[in-house]
Every structure is written in C-alpha cells, then in structure tokens.
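Undergrad: Here you go, one structure.
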Amino acid sequence: MEDFERVNHRQRTSGVIALHWFRHGLRLHDNPALSYAAANAKKLYVMFTFDGESAGTKLIGYNRMKFLLESLHDLNCQLHSYGGQLLVFREKPLKVITRLHDVLGVNLVTFEQDCEPIWNERDEAVKEGCRELGIECREEVSHTLWDPKEVVDMNGGVPPLTYTMFLQVTSAIGEPPHPEERLDFSSVKFGIVPVGLAAELNLFAEIPTPEDLNVKCSHPADIEENSGSWIGGETQALLLFDMRLAVEADAFKRNFYLPNQARPDLLGPSRSLSPYLRYGCLSIRKMYWGIHDLFAEIHKGKPPCHVHLTAQLIWRDFFYAMSVGNPNYDRVKENPICLQIPWRHKQKELQQWKDGKTGFPFVDAVMRQLLREGWIHHVARNAVAQFLTRGGLWISWEDGLKVFLKHLLDADWSVCSGNWLWISSSAFETILDCSHCLSPVAYGRRLEPTGDYIR
Ligand SMILES: Cc1cc2nc3c(=O)[nH]c(=O)nc-3n(C[C@H](O)[C@H](O)[C@H](O)COP(=O)(O)OP(=O)(O)OC[C@H]3O[C@@H](n4cnc5c(N)ncnc54)[C@H](O)[C@@H]3O)c2cc1C
C-alpha cells in the first residue's frame, strides 16, 4: 500500500468524504445534490468524467463540445476561488468512484438525476457498485421542475400523452420546488488527488480543449469569427438570465407575452438560455420562479398565467416525462408513441439538407447557421424540420434528429426527439397531419423580409 493510501485509509474511518459527480447540472447555485455533499462532508471531491457518453458526448460537434468545456472551465474557476478544483477524468465513472473509495476513503457519492432512459444502465451500475462498496449514493432531482418518474407514477405508470394531461397531473403533484438558497462554499474543505492516482485515472492537468478530445472544427475559419458569440458556463448563464428578466418585464408591462417567439429576431445577438438549461448552468427552478415572481409583481392580484415563458419551461418537462421508460423515444421502430409513416430513403436530398444546399435559400441559411454557430431560432427549427419531413422531402425525422443532436448547442435527447416527433406529426396526435405545412419560401420571407439573414 502506498503512503497516501495508508493515510487516507485512516481518514475513511472518521467521517464523511464525499464525491460530487457532475454530469449536467454544471452550476454551484440551486444544486441540491452538491449542497448535500458540501454540507455533510469533512472533505469534498468534485468531478466530471469523459466516459464517451455522459453529457451527450457520444454524438457531439465542435461547438457544443466547446460550450461544455467552457462550462467546466467556469466551474473550475469558481471552485478555485474556494480553494477547490474540478477533477476532470477520462475514465468510466464506476472505476473513478471505486478507486477514490479505495485510496481516498470516499464514502458518499452525490449526483443530479439524469431521468432519460439512456442513462439507466450507467446509473444502475454506479448505484449497484456503490452498494457493494458500502458507499452512500444520493441522487437529487433538479434538472427538471418535477420528477418525471413521479409524473409517470402519478399518471398510473404511463406518461401523460398530451400537454393538457401533463398539466393536470403536475397540478395534482403541486407547484415545482423553489430554488435553494446559494450555498457558501468558503467553509468546505476540498480534496485533491495524488499524482499516482491521477495518472491511473487519466486526470486532466487542466480543462481539455475539444482537440484534446478528438473533436475538430470542420470550418476552422469560423472559430475566430464566432468566438464570443456563445460562452458556456454558469457565470454567463446568470448574466443572460438577468438580461432576459429585463426583456420579459418590459413585455409584461405592455401585456405582451413571449416576445422572442412573437417577434423572432433572426439577426440579433444570441440571447437564448436553452444551452445553459441543457447543461444545467442555469437552474430550471431559478428560471421558472424568476419569471413567475416577475409576472406576479407586475400584475399584482392577477392569477398566475401560463401563456408566458413558464409554459415553455413546462414543455421541456413534458418531453422529459414522455421519454421515461421509452428507450426507443428517439426512433421510429419499436417506439410505442410513434406513427409508422413510410418515410423515403433519399441519401442525396438528405445530404443537401444537411449541407444547406437544397436550393431553398431560407432553409439553406438556417442549416448553415446550425453548422457554423450551433444555435438556430425555434421558428427556424420548425421550418427546416417540416421541410425535411412532412412538408417537403418526406425524409424520416430520425435522420434530422441525428443532425440536430450533433450540432445544436442545446441538443438534448428527450427534448430534441420530442420536438421532432411533434413537428413531423409522428406523435401526440392520432393521424399524420399535412394540412398545414410551412412554405419554405413564404415563411422565410415573412420572418425576415430584408433577406439579410440569408445573405
Ligand atoms: C425540431 C426541433 C428540435 C428542438 N430541439 C431542442 C433541443 O434539443 N433542446 C432544446 O432545449 N430545445 C429544442 N427545441 C425547442 C426550442 O426550439 C428551443 O428550446 C428554443 O428555440 C430555445 O430558445 P430560447 O431559449 O430562446 O427559448 P424560450 O422561448 O426563451 O424558452 C425558454 C426555454 O423553454 C424551453 N423550451 C422552449 N420551447 C420549447 C419546446 N418547443 N420544447 C421544449 N422546451 C422548450 C427551452 O428550455 C427554452 O430555453 C427544438 C425545437 C424543434 C422544432
């Protein structure tokens, strides 16, 4: 046994040594699993591990990987100010946990719930491994407003198939929890990993770059041009959230709702919070209650109204709940909620759509923006998704989903699949509906009549 193993073996017997495992939830505020670890441990380790899958890294483009790494960098900087360090490994989580238990005496592991079925196997293996090692495992729900598993249970074991049903079930559960008070980390004692163990577990000396993880930019000229347009991390998320509250306050005062949906600005600077919600840099509960309380303050005495932004946040929860227990949610085959539509296999047209070379200027501009920046407005997503599926090329939504999952900054397995199912009219309705489709020409002209967006 090495010296440090002996020392830490002794520590194990005398108190809680915790490891918080970040998967998403990349924030210090309103993070109940992290606060539990910090409040109960005499020493705390915090980690993220690149296992080839977690945080949606199985299918990931350059822009999202950059956003994720910036978010980790931001966490690390914040932890540094409290004398801590974010440990970033390239290893399977259970191996890291096991070795940190063996060598450093870790006896408590905490993490935020990843409710999607694609994570069940990973999380069950970790929970089982912890049980065998006698490690306490604590999982907290804070990536969604309600616990999607509770929603399904409450609905008799099946997900509520429509948004209205979802609202009924959640109103029976009650309001979503308020965000926690911000924890003071200054009294937390953070642990570091000895050199030998660091090498064994492939601990990065500093936050890696996308290239370190073999993710390359396919348009190198864009790196400089786009630098600064999206910056990952909690610090930036909180800044943008304050700006967003000001925009919503102005709209509420004028009795106007969803300003960025009703008057989409395709040319303005990116202000969306979805990539920050996807990685949990911003707490969904902080956003929900922030908007809710703002409405209540401006419209004193009026009952809460869900036609504004909080309704959008509830849609996000709806799509998560829909995917619980359905590992085939992202495909046509063996997906119990998906209509079996005879989509055509047209490789050439699919490639043209992916490359932004269909010949329809608006559709092509949107796809080029997706490839270069990783973010496109909701109305633009609608346009290209309908064009690919029931409104134009008649190609399966599954093909479109893969492209979105790779390139979108906010790409989220449940939310993206749910929206593709919706837009292609493959689910949440009983029949395929092609009676109302967006014109790929007139729609673009209406949204942005100057043509500057396309240029
Ligand atoms: C084909 C398609 C794929 C999509 N894929 C994703 C995805 O992978 N990840 C993702 O977060 N959103 C996805 N969306 C939903 C939506 O386009 C984005 O959430 C929205 O554009 C984000 O912009 P915003 O933050 O300004 O939204 P806002 O209007 O400010 O809404 C606030 C938040 O509510 C949530 N939200 C808004 N609209 C929706 C919606 N339709 N479904 C679920 N949640 C919503 C998002 O978290 C968003 O950040 C997709 C939409 C379509 C049509």
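The opening residue of the sequence shown carries number 1 in the UniProt record's numbering; numbering runs sequentially from there. Cβ atoms here follow ideal geometry from the backbone N, Cα and C, with glycine treated the same way. Predicted model only: the values in this text are computed from it and were never measured.
Please classify S396 as buried or exposed, where buried requires at least 16 neighbouring CB atoms within 10 angstroms.
TA: As a position in the sequence shown, residue 396 is number 396, starting the count at 1. With 16 or more Cβ atoms within 10 Å of its Cβ, S396 is classed as buried.
Undergrad: Would you mind sorting L388 into buried or exposed? The rule is 16 or more other CB atoms within 10 Å of its CB.
TA: Working through the sequence shown from its first residue, we reach residue 388 at position 388. Looking at its Cβ environment, which holds 16 or more other Cβ atoms inside 10 Å, L388 is buried.
Undergrad: Which same chain residues, not among the five before or five after P327, have their C-beta less than 7 Å away from its C-beta?
TA: Sequence index remark: in the sequence shown, residue 327 carries index 327 (1-based). Hits under 7 Å: P117 and I118.
Undergrad: State the CB to CB distance for the pair S35 and L183, rounded to an integer number of angstroms; the pair is presumed to be in contact (CB under 8 Å).
TA: For the purposes of this step, residue 35 is taken as residue 35 along the sequence shown, with counting starting at 1. For the purposes of this step, residue 183 is taken as residue 183 along the sequence shown, with counting starting at 1. Confirmed, Cβ separation roughly 5 Å.
Undergrad: For D433, which residues from the same chain have a beta carbon less than 6 Å from its beta carbon, with the 5 sequence-adjacent residues on both sides left out?
TA: Looking up residue 433 in the sequence shown gives position 433. Closer than 6 Å at the Cβ level, and outside the excluded window around D433, lie S425.
Undergrad: Around the C-beta of T209, are 16 or more other C-beta atoms found within 10 angstroms, so that it is buried, or is it exposed?
TA: Sequence index remark: in the sequence shown, residue 209 carries index 209 (1-based). That one is exposed.
Undergrad: Can you say whether H80 is buried or exposed, counting buried as having 16 or more other CB atoms within 10 angstroms of its CB?
TA: Taking the sequence shown and counting its residues from 1, one reaches residue 80 at position 80. Label assigned to H80: exposed.
Undergrad: So, at 7 Å on beta carbons, what are the nonlocal neighbours of V247 in its own chain, with the 5 sequence-adjacent residues on each side left out?
TA: Within the sequence shown, numbered from 1, the residue matching residue 247 stands at position 247. Closer than 7 Å at the Cβ level, and outside the excluded window around V247, lie P259.
Undergrad: Buried or exposed for Q236, please, with buried defined as at least 16 other CB atoms from any protein chain shown within 10 angstroms of its CB.
TA: On the sequence shown, residue 236 is found 236 positions in, with the first residue counted as 1. Per the 10 Å Cβ criterion, buried.
Undergrad: Quick one: give me the first and last residue of the beta strand (DSSP E) that A55 is part of.
TA: On the sequence shown, residue 55 is found 55 positions in, with the first residue counted as 1. From DSSP, A55 is part of no beta strand (DSSP E); its letter is neither H nor E.
Undergrad: Give the DSSP bridge partners of E140, in chain order.
TA: Stepping through the sequence shown from its first residue, residue 140 is reached at position 140. Per DSSP, E112.
Undergrad: By how many angstroms is the C-alpha of E53 removed from the C-alpha of E181?
TA: The sequence position of residue 181 within the sequence shown is 181, counting from 1. The sequence position of residue 53 within the sequence shown is 53, counting from 1. Between E181 and E53, the C-alpha separation is close to 31 Å.
Undergrad: Please return the same chain residues whose Cβ sits closer than 6 Å to the Cβ of V188, not counting the five positions on each side in sequence.
TA: In the sequence shown, residue 188 corresponds to position 188, counting from 1. Within the same chain, V188 has close Cβ partners A38 and L44.
Undergrad: Between the Cα of I341 and the Cα atoms of L350, K42 and R331, which residue gives the shortest distance?
TA: Taking the first residue of the sequence shown as 1, we reach residue 341 at position 341. Looking at the Cα atoms, R331 is the closest of the given residues.
Undergrad: Are the Cβ atoms of H101 and L133 separated by less than 8 Å?
TA: Residue numbering aside, residue 101 sits at position 101 when the sequence shown is read from its first letter. Residue numbering aside, residue 133 sits at position 133 when the sequence shown is read from its first letter. A contact, by the Cβ cut-off of 8 Å.
Undergrad: According to DSSP, is residue 458 part of a helix, a strand, or is it coil?
TA: This structure cannot settle anything about residue 458, because the visible part of the chain is limited to 1 through 455.
Undergrad: Quick one: is the Cβ of S425 within less than 7 Å of any heavy atom of ligand 1?
TA: Within the sequence shown, numbered from 1, the residue matching residue 425 stands at position 425. Result no, Cβ not under 7 Å from ligand 1.
Undergrad: Could you tell me if G400 is buried or exposed, where buried requires 16 or more neighbouring beta carbons within 10 angstroms of its beta carbon?
TA: Locating residue 400 in the sequence shown gives position 400, where the first residue counts as 1. With 16 or more other Cβ atoms within 10 Å, it is buried.
Undergrad: What do you get for R10, buried or exposed, if any count of 16 or more other CB atoms within 10 angstroms of its CB means buried?
TA: Counting from 1 along the sequence shown, the entry for residue 10 is found at position 10. Since pLDDT at R10 reaches only 45, below the 50 mark, its modelled position is unreliable, and no value is offered.
Undergrad: For K149, I'd like the list of residues in its chain whose CB is within less than 7 Å of its CB, leaving aside the five on either flank, ordered along the chain.
TA: Numbered from 1 along the sequence shown, position 149 holds the residue referred to as residue 149. So the qualifying residues of the chain are C115 and V324.
Undergrad: Return the Cβ separation of F428 and L161 in integer angstroms, given the expectation that the two are a contact with Cβ distance under 8 Å.
TA: Walking along the sequence shown from the start, residue 428 turns up at place 428. Walking along the sequence shown from the start, residue 161 turns up at place 161. Indeed they touch by this definition, with Cβ atoms about 7 Å apart.
Undergrad: Note down, in chain order, each residue of its chain lying with its Cβ closer than 7 Å to the Cβ of W353, except the 5 sequence neighbours on either side.
TA: As a working note, residue 353 is residue 353 in the sequence shown. The answer, listed in chain order, is M367, L388 and L393.
Undergrad: Can you tell me which of S439, S142 and W21 puts its alpha carbon nearest to the alpha carbon of G280?
TA: Here the question's residue 280 lines up with position 280 in the sequence shown. Here the closest residue by C-alpha is S142.
Undergrad: Any chance the CB of R278 is under 7 Å from a heavy atom of ligand 1?
TA: Working through the sequence shown from its first residue, we reach residue 278 at position 278. Yes, ligand 1 has a heavy atom inside 7 Å of this Cβ.
Undergrad: Measuring CB to CB, does A383 end up less than 8 Å from F362?
TA: The residue given as residue 383 occupies position 383 in the sequence shown. The residue given as residue 362 occupies position 362 in the sequence shown. Their beta carbons are under 8 Å apart, which means A383 touches F362 by this criterion.
Undergrad: For R344, does the three-state DSSP call read helix, strand or coil?
TA: The residue you call residue 344 lines up with position 344 of the sequence shown. It is a strand residue.
Undergrad: Less than 7 Å separating the Cβ of S71 from some heavy atom of ligand 1?
TA: For the purposes of this step, residue 71 is taken as residue 71 along the sequence shown, with counting starting at 1. False, no ligand heavy atom lies under 7 Å from that Cβ.
Undergrad: From this set, I314, R316 and E448, which residue's C-alpha is nearest D265's C-alpha?
TA: Looking up residue 265 in the sequence shown gives position 265. Of the listed residues, the one whose Cα sits closest to D265 is E448.
Undergrad: What are the start and end residues of the alpha helix (DSSP H) that includes H126?
TA: Numbered from its first residue, the sequence shown carries residue 126 at position 126. In the sequence as displayed, the identity of residue 126 is Val instead of His. N120 to L133 is the extent of the alpha helix (DSSP H) around V126.
Undergrad: Could you give the DSSP three-state label for R6: helix, strand or coil?
TA: One-based indexing of the sequence shown puts residue 6 at position 6. Model confidence at R6 stands at a pLDDT of 44, short of 50, so the residue's coordinates are unreliable and nothing is read from them.
Undergrad: With DSSP as the reference, label W230 as helix, strand or coil.
TA: Here the question's residue 230 lines up with position 230 in the sequence shown. In the structure shown, W230 sits in coil (DSSP, three-state: anything other than H, G, I, E or B).
Undergrad: Out of G15, F22, M65 and R27, state which residue places its alpha-carbon closest to the alpha-carbon of L238.
TA: Working through the sequence shown from its first residue, we reach residue 238 at position 238. Residue R27 is the option with its Cα nearest to L238.
Undergrad: Quick check: is any heavy atom of ligand 1 less than 7 Å from the C-beta of residue 456?
TA: Only positions 1 to 455 of the chain appear in the structure, and residue 456 is not among them; the question remains open.
Undergrad: Ordered along the chain, which non-local residues of its own chain (more than five positions away) have a Cβ less than 6 Å from that of G444?
TA: As a position in the sequence shown, residue 444 is number 444, starting the count at 1. For G444, where only same-chain residues beyond five positions count, the Cβ hits under 6 Å are F362.
Undergrad: On the three-state DSSP scale, how would you describe L282?
TA: Within the sequence shown, the letter at position 282 stands for residue 282. In the structure shown, L282 sits in coil (DSSP, three-state: anything other than H, G, I, E or B).
Undergrad: Does the Cβ of A18 have 16 or more other Cβ atoms within 10 Å, making it buried, or fewer, making it exposed?
TA: Stepping through the sequence shown from its first residue, residue 18 is reached at position 18. It is buried - the Cβ of A18 has at least 16 other Cβ atoms within 10 Å.
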